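Participant:
2 protein chains.
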Amino acid sequence: MTDALRSIDPRTGKEAGDAVEATTTIELAVIAERARAAAVDYAALPLAARAACLRAVSIALGEHADQVIATADAETALGTARLTGELARTRVQLELFADAVESGAFLEIIIDHADPAAKPTPRPDLRRMLVPLGPVAVYAASNFPLAFSVPGGDTASALAAGCPVIVKAHEGHPRTSELCARIVGDALMAAGAPDGTFAVVHGFEAGRELITHPAVKAAGFTGSLNGGRALHSLASARPEPIPFFGELGSINPVFATPGAVAERGAELAAAFVASATLGSGQFCTKPGVLFLPAGHGLEGELADAAAKASPHPLLHARIRDAYLDGAAALAGLPGVKTLAEPGADGEGFGVRPGLFQVGVADFLDNAEALLTECFGPVSVVVDHGPEDIARILELLPGSLTGSVHLADAESTGTFVQGLLPALAAKVGRVVVNGWPTGVAVTAAMQHGGPWPAATSSQYTSVGETAMRRFLRPVAYQDTPAELLPELLRDEAAVTVPRRVSQAFGT
Amino acid sequence: MTDALRSIDPRTGKEAGDAVEATTTIELAVIAERARAAAVDYAALPLAARAACLRAVSIALGEHADQVIATADAETALGTARLTGELARTRVQLELFADAVESGAFLEIIIDHADPAAKPTPRPDLRRMLVPLGPVAVYAASNFPLAFSVPGGDTASALAAGCPVIVKAHEGHPRTSELCARIVGDALMAAGAPDGTFAVVHGFEAGRELITHPAVKAAGFTGSLNGGRALHSLASARPEPIPFFGELGSINPVFATPGAVAERGAELAAAFVASATLGSGQFCTKPGVLFLPAGHGLEGELADAAAKASPHPLLHARIRDAYLDGAAALAGLPGVKTLAEPGADGEGFGVRPGLFQVGVADFLDNAEALLTECFGPVSVVVDHGPEDIARILELLPGSLTGSVHLADAESTGTFVQGLLPALAAKVGRVVVNGWPTGVAVTAAMQHGGPWPAATSSQYTSVGETAMRRFLRPVAYQDTPAELLPELLRDEAAVTVPRRVSQAFGT
Chain A
117 MTDALRSIDP RTGKEAGDAV EATTTIELAV IAERARAAAV DYAALPLAAR
167 AACLRAVSIA LGEHADQVIA TADAETALGT ARLTGELART RVQLELFADA
217 VESGAFLEII IDHADPAAKP TPRPDLRRML VPLGPVAVYA ASNFPLAFSV
267 PGGDTASALA AGCPVIVKAH EGHPRTSELC ARIVGDALMA AGAPDGTFAV
317 VHGFEAGREL ITHPAVKAAG FTGSLNGGRA LHSLASARPE PIPFFGELGS
367 INPVFATPGA VAERGAELAA AFVASATLGS GQFCTKPGVL FLPAGHGLEG
417 ELADAAAKAS PHPLLHARIR DAYLDGAAAL AGLPGVKTLA EPGADGEGFG
467 VRPGLFQVGV ADFLDNAEAL LTECFGPVSV VVDHGPEDIA RILELLPGSL
517 TGSVHLADAE STGTFVQGLL PALAAKVGRV VVNGWPTGVA VTAAMQHGGP
567 WPAATSSQYT SVGETAMRRF LRPVAYQDTP AELLPELLRD EAAVTVPRRV
617 SQAFGT
Chain B
117 MTDALRSIDP RTGKEAGDAV EATTTIELAV IAERARAAAV DYAALPLAAR
167 AACLRAVSIA LGEHADQVIA TADAETALGT ARLTGELART RVQLELFADA
217 VESGAFLEII IDHADPAAKP TPRPDLRRML VPLGPVAVYA ASNFPLAFSV
267 PGGDTASALA AGCPVIVKAH EGHPRTSELC ARIVGDALMA AGAPDGTFAV
317 VHGFEAGREL ITHPAVKAAG FTGSLNGGRA LHSLASARPE PIPFFGELGS
367 INPVFATPGA VAERGAELAA AFVASATLGS GQFCTKPGVL FLPAGHGLEG
417 ELADAAAKAS PHPLLHARIR DAYLDGAAAL AGLPGVKTLA EPGADGEGFG
467 VRPGLFQVGV ADFLDNAEAL LTECFGPVSV VVDHGPEDIA RILELLPGSL
517 TGSVHLADAE STGTFVQGLL PALAAKVGRV VVNGWPTGVA VTAAMQHGGP
567 WPAATSSQYT SVGETAMRRF LRPVAYQDTP AELLPELLRD EAAVTVPRRV
617 SQAFGT
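These protein sequence lines are chains A and B, in that order.
If you count by the working numbering, then the first sequence holds residues 117 to 622, one letter each, in order.
If you count by the working numbering, then the second sequence holds residues 117 to 622, one letter each, in order.
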């Protein structure tokens, strides 16, 4: 435990820039109470004003783009091009949520007028809408210092839902977090959000205290299985348990059919390695395992593609160490052949990618180890026959994604027709003839999945419906119009979509 | 622990009818594996076929009405009139869910067509729908042997969501549970549901084994805070945690304004006691506390109404004992006056209602004890002034409901305008000029609330949206039409409501 968070340059492994002070217990308590106090007023802002807050944050991030990107690059070594794209994505997210807030569809309003003739008993007038849960704790990720960090998707969706946000900064980029904290906080205040709507805290202890603070009513998390499970347990064991939405580990299996390999095997091999090593394999959607028909003959192409990937520094020393340990453990499993040897390479936390190959018999014997996520640029190719597919699908753990590559004519075949539903039972998103990396920010996106991909498969952390995590329904029974929230009144002026007395059948 | 569940007549306190065998570990494992095997085929039934299953259960319950009601009455002493109404409600629930299944709105389908021009990166084609979680464990309640038990709302909503159901029967009505198990199971099989879609298990150990069985993917529960918390912990601590939806304890506060008391004080006093003693106070929505303006002078009316309520047997010995202990504990708190003295009365598990009164100073000193649910016909009247309301609202725990009684002209006043939002922050349903007992089965109903009313305030256990508890989203990316679930294809034949490429702003 330390009282200051050191900012490390992954390209050198050395401290660079000022350390950031850890948040003290007293500071955290003050921040949490301010969030509690802000919750009612922030929730009460008209939807247009709430949307304006989100847009103000997007604009402010744009105005400070150069400084944000430079600071993030110094702490993550992700490169200016990637971070420029990530900042654009972060801003698009905020704007998407602003649009969603204004549309009001997320309120899921249902109005059932009274029905004195209803059986078995008369029905009262009932009007339901979703309301914000209250202050939300957001545990930032290391691998997206913007899009899944201080100004990221969890923050944007919680603010959109009408909840104050307290971000636990990731220790991998404390200065970026501080800079974004100021930008986001100032923009929200200037746009009219109440004091206390947004804050950032630093340090391991602050993270523990945050999840157990009574003012906090929900939490979003992106990170490791162990960290997420520990915080989830703390959230569940509180005197008042709170919902914890963790996005944890995912192996993201990819299947290529014999037809696809025959049609474009070399292309698939290169594209798989590109996806698996993108951002140095530090994506939650990195494809960690590729299932190929035995005898595919693509070992050379796969090895060449991996050899061509430049060494790149991982985000920090702990990730580098875990990568090297995890890759070594994979290499040591029975029957595992090395197509590309992982290892430390280059300056700082630099590594080169690893690629392994294993036959189906050895795979089945060690499936749990081979299907556990190893963060960083390492993947396993499994050679198998069509008769093994059912058993493989059974052994797959829950994942964010599952991908299938087909030949043109294959999508009507029985084998493929059976493969997709079995895969869909294990994942949040099925991808056909594409790669899991790259998560589109749209209304239909599902970024989540069965355990261990997420603590709750019922929600997404990306896309418009991510707001649903931070909302709960309230119904008003027989309430006079003047006491109803404005959006629940009968007045025609309401433009928010509502389902009104849409009685079924009976 | 016993190997048989004895069926007790609450009117005599004596065993009546055959005991029911507890489910053994091996039997439970077989049942769970059959549910797992049924899950895929049951989920794959067309929506119309799934709806037909629900309707078949409703029809079968109607055909066996006399036997069901007689058996339930013998085990619960709730009376033929009440149980006839409860069976009607149970059937209406099944039919409501059948209608909801056919409408398909619950699938929350969103289709975003590909957008090659999207910023910052081109968007793929994404199609999202909700899919069933898999086998659901339902923990039946004691107080509704039909509507919240074997054929009740949790069972109906899980079957509607496309999930096999295993009910843990309540030990208070084992014979009713067995009878309903046969009726429901036979009806489902005859309607085409796969073998394993439905089963009932008995016994405490079977309940523990069920929640930890790997085939079970979610659980619904209605019951005590302690029982719910224990099962919730087991569900969260599994190697693969599963969602647990518990409806636990609720105090259901009622406020009457000075205006309302002046206008119709005597009527309110009588109606409050009627609601608090309905079904012998054995409702989760029983109003447990009534806040009245000091000097209301209604002590006589309240006491008279309570005295007039006939003694009635509680559901079983444990509930009777807990009621007597809880009521005695309330009576012993400082400053608590007895308006009606609770106690054992009549045959079997019979009791008479208790009603207490306390001033605001003593209330504030012992708020936690006075605001803890005591199951059965006991309530507390709190005399207070307008200056106490803010503090009272702050101290209120989460509840299923909160009710306010107003005078005609009061709904535009500042005091009342402030009271409702503060109450809405603590409850799932706000009731104006009405009583919380009687939970309408409609789309807009919210039966749930902040802890300890429910383990998750984000869901309801009554009404159409209860299905959402047992569903999760899956998105398909760039998937050829012939590999998509039928309802996600572009074909015009689909009548299910879908949100298609409804891009906002950007």
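Quick reminder that beta carbons are idealized off the backbone N, C-alpha and C, glycines included.
Quick caveat: nothing in here was measured; it's all calculated off a predicted structure.
DSSP three-state call for A/I299: helix, strand or coil?
Facilitator: Helix at A/I299.
Participant: Check the C-beta distance from A/L603 over to A/M245 and give it rounded, since I have them as a contact under 8 Å.
Facilitator: 6 Å
Participant: What residue ranges within the region 459-541 of chain A form continuous alpha helix (DSSP H) runs of no fewer than 4 residues, ordered along the chain?
Facilitator: 476-481, 483-486, 505-511 and 530-540
Participant: Answer yes or no: does any C-beta atom of chain B fall closer than 9 Å to that of A/A510?
Facilitator: According to the sequence displayed, residue 510 of chain A carries Glu and not Ala. Not closer than 9 Å to any Cβ of chain B, the Cβ of A/E510 fails to qualify, so no.
Participant: By a C-beta neighbour count over all protein chains shown, 10 Å radius and 16 as the cutoff for buried, is B/S174 buried or exposed?
Facilitator: Buried, by the Cβ-count rule.
Participant: Can you give me the Cβ contacts of A/G466 inside the same chain, cut-off strictly under 6 Å, excluding the 5 residues immediately before and after it?
Facilitator: P427 and P429
Participant: Here's a check: name, in chain order, each residue in its chain whose Cβ is nearer than 7 Å to the Cβ of B/G178, leaving out the five neighbours to either side.
Facilitator: R207
Participant: Of all the options A/V474, A/L440 and A/S293, which has the alpha carbon lying nearest to the alpha carbon of A/L455?
Facilitator: A/V474
Participant: Closer than 6 Å by C-beta to B/A597: which residues in its own chain qualify, once you throw out the five before and the five after it? Chain order, please.
Facilitator: R605
Participant: So that I know if they touch, is there some Cβ in chain C lying closer than 9 Å to that of B/P359?
Facilitator: Among the protein chains of the structure shown, namely A and B, there is no chain C.
Participant: Please indicate yes or no: does the CB of B/A386 lie closer than 8 Å to some heavy atom of the ligand SAM?
Facilitator: With respect to the ligand SAM, the structure shown offers nothing to examine, as it has no ligands at all.
Participant: Going by the beta-carbon positions, is the gap between A/K402 and A/L408 smaller than 9 Å?
Facilitator: no
Participant: Cβ closer than 7 Å: which chain B residues qualify as neighbours of A/Q209?
Facilitator: Think of a sphere of 7 Å around the beta carbon of A/Q209: no beta carbon from chain B falls inside it, the nearest being about 10 Å out.
Participant: Hey, A/S573 and A/G565 are a contact pair by Cβ (cut 8 Å); roughly how many whole angstroms apart?
Facilitator: 6 Å
Participant: Express the C-alpha separation of B/G442 and B/L535 in angstroms, rounding to a whole number.
Facilitator: 29 Å
Participant: Given 8 Å as the limit, is there contact between the region 225-234 of chain A and the region 253-264 of chain A, that is, 3 or more CB pairs closer than that?
Facilitator: no
Participant: Applying the criterion that 16 or more other CB atoms from any shown protein chain within 10 Å of the CB defines a buried residue, is A/N549 buried or exposed?
Facilitator: buried
Participant: Between the region 548-565 of chain B and chain A, which residues of the former have CB atoms less than 8 Å from a CB of the latter, in chain order?
Facilitator: V548, N549, G550, G554, A556, T558, A559, A560, M561, Q562 and G564
Participant: Is there a Cβ of chain B sitting closer than 9 Å to that of A/R198, yes or no?
Facilitator: no
Participant: Curious, which full-length alpha helix (DSSP H) runs of at least 4 residues does the region 363-404 of chain B contain?
Facilitator: Listed in chain order, the complete alpha helix (DSSP H) runs (minimum 4 residues) inside the region 363-404 of chain B are 374-393.
Participant: With distances taken from CA atoms, which of B/D594, B/A569 and B/P589 is nearest B/G344?
Facilitator: B/A569
Participant: Helix, strand or coil for A/R588 per DSSP?
Facilitator: strand
Participant: Could you check where the alpha helix (DSSP H) with A/V146 kicks off and where it finishes?
Facilitator: T141 to A160
Participant: Evaluate contact between the region 374-381 of chain A and the region 336-352 of chain A, counting only Cβ atoms and requiring at least three cross-stretch pairs below 8 Å.
Facilitator: no
Participant: So what does DSSP say about A/F222, is it helix, strand or coil?
Facilitator: helix
Participant: Go ahead and pull the three-state DSSP assignment for A/L249.
Facilitator: coil
Participant: Can you say whether B/T571 is buried or exposed, counting buried as having 16 or more other CB atoms within 10 angstroms of its CB?
Facilitator: buried
Participant: Could you check what DSSP says for B/G451 in three-state terms: helix, strand or coil?
Facilitator: In this structure, DSSP gives B/G451 a state outside helix and strand, which the three-state scheme calls coil.
Participant: State the Cα-Cα distance for the pair B/T528 and A/D134, rounded to the nearest angstrom.
Facilitator: 56 Å
Participant: If you reduce the DSSP assignment to three classes, tell me which class B/T581 lands in.
Facilitator: Shown here, B/T581 sits in a helix according to DSSP, grouped into three states.
Participant: Whose Cβ in chain A lies nearer than 8 Å to the Cβ of B/A201?
Facilitator: In the sequence on display, residue 201 of chain B carries Gly and not Ala. Simply P236 and T237.
Participant: What residue does the beta strand (DSSP E) around B/K284 start on, and which one ends it?
Facilitator: V281 to K284
Participant: Using only the alpha-carbon positions, how far apart do A/T313 and A/P162 sit?
Facilitator: 15 Å
Participant: How big is the Cα-Cα spacing for B/P458 and B/P469?
Facilitator: 5 Å
Participant: Between B/H329 and B/A148, how many whole angstroms is the CB-CB distance? I'm expecting something under 8 Å.
Facilitator: 4 Å
Participant: What number of angstroms, rounded off, separates the C-alpha of B/S366 from the C-alpha of B/C400?
Facilitator: 6 Å
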